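Working notes for the structure below.
Take a look at the structure:
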């Protein structure tokens, strides 16, 4: 999947992946896509909850070798 | 739609009890909430410029997981508090949990309003120069003016 920016949140625990995602999206334009990589298993539900509450779109969630890759499109 | 609002009352000044207010406040701000945290009594320690005196004690804290069971008689020995604090900080770091300082900075960056209880400052004769600069000093009535109109209000 194409993306405009990548955020490495490996090794970070709640709530850092969400806070860093929020900060990364702040510098992006509407419609752009952020790729976020996390090793925190709690991120799966939290990223969906973040999307639901902020109006950004979680395009996909992929789990690979205990890493979670999210594609979030900015509102 | 108006932004949701959250108010937190932080009354504890130990390392373990410092995390919930800062985690919830920073996360709510990231979700678009307008957030205020009112620091009163021992919670005021969390507004100090230097957070190194924020500690955790295993004493009278039976729920704290310990590497080995430790009798109360041992927990009360001098230096146990510093040791427990050091071990807890190492554990937090190892698991990628943000430091208190980092979480507090993230709160301020996200425009979470940190409020100090003026009465507590007077009661313990605290020197305001020991606290971070970007905070307000108010009383209960002012804080309740905000808290009375929130979606979430928590006492920690």
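Protein chains in written order, with the working numbering: chain A, 215 to 289; chain B, 7 to 162. In this text, a Cβ means the ideal position worked out from N, Cα and C, and glycines have one as well. For clarity, every value in this text was computed on a predicted model and none was experimentally measured.
Alpha-carbon to alpha-carbon, residue 245 of chain A and residue 282 of chain A: Rounded to whole angstroms, residue 282 of chain A to residue 245 of chain A spans 22 Å at the Cα level.
Residue span of the alpha helix (DSSP H) that contains residue 258 of chain A, given as start and end: Taken as a continuous stretch (DSSP letters only), the alpha helix (DSSP H) holding residue 258 of chain A covers 257-268.
Best match in B/160, B/111, B/130 and B/156 for proximity to residue 141 of chain B [C-alpha to C-alpha]: Looking from the CA of residue 141 of chain B, the closest CA among B/160, B/111, B/130 and B/156 belongs to B/111.
Residues, ordered as in the chain, of the region 31-58 of chain B that lie near chain A by beta-carbon distance below 7 Å: For the region 31-58 of chain B, residues whose beta-carbon sits nearer than 7 Å to a beta-carbon of chain A comprise 32, 33, 36, 37 and 38.
Coil, strand or helix - residue 74 of chain B by DSSP: Three-state result, residue 74 of chain B: coil.
Close beta carbons around residue 94 of chain B, own chain, < 7 Å, minus the five adjacent residues each side: Correct list, in chain order: 21 and 62.
Contact residues within the region 255-270 of chain A, judged by C-beta distance below 7 Å to chain B: Of all residues in the region 255-270 of chain A, 264, 267 and 268 have a Cβ within less than 7 Å of some Cβ in chain B.
Element boundaries [alpha helix (DSSP H), containing residue 148 of chain B]: Start and end: 146-153.
Residue 47 of chain B versus residue 284 of chain A: straight-line alpha-carbon distance, rounded: Approximately 42 Å, taken between the alpha carbons.
Delimiting residues of the alpha helix (DSSP H) encompassing residue 33 of chain B: Taken as a continuous stretch (DSSP letters only), the alpha helix (DSSP H) holding residue 33 of chain B covers 21-36.
Pairwise C-alpha distance: residue 268 of chain A and residue 215 of chain A: Going from the Cα of residue 215 of chain A to the Cα of residue 268 of chain A covers about 22 Å.
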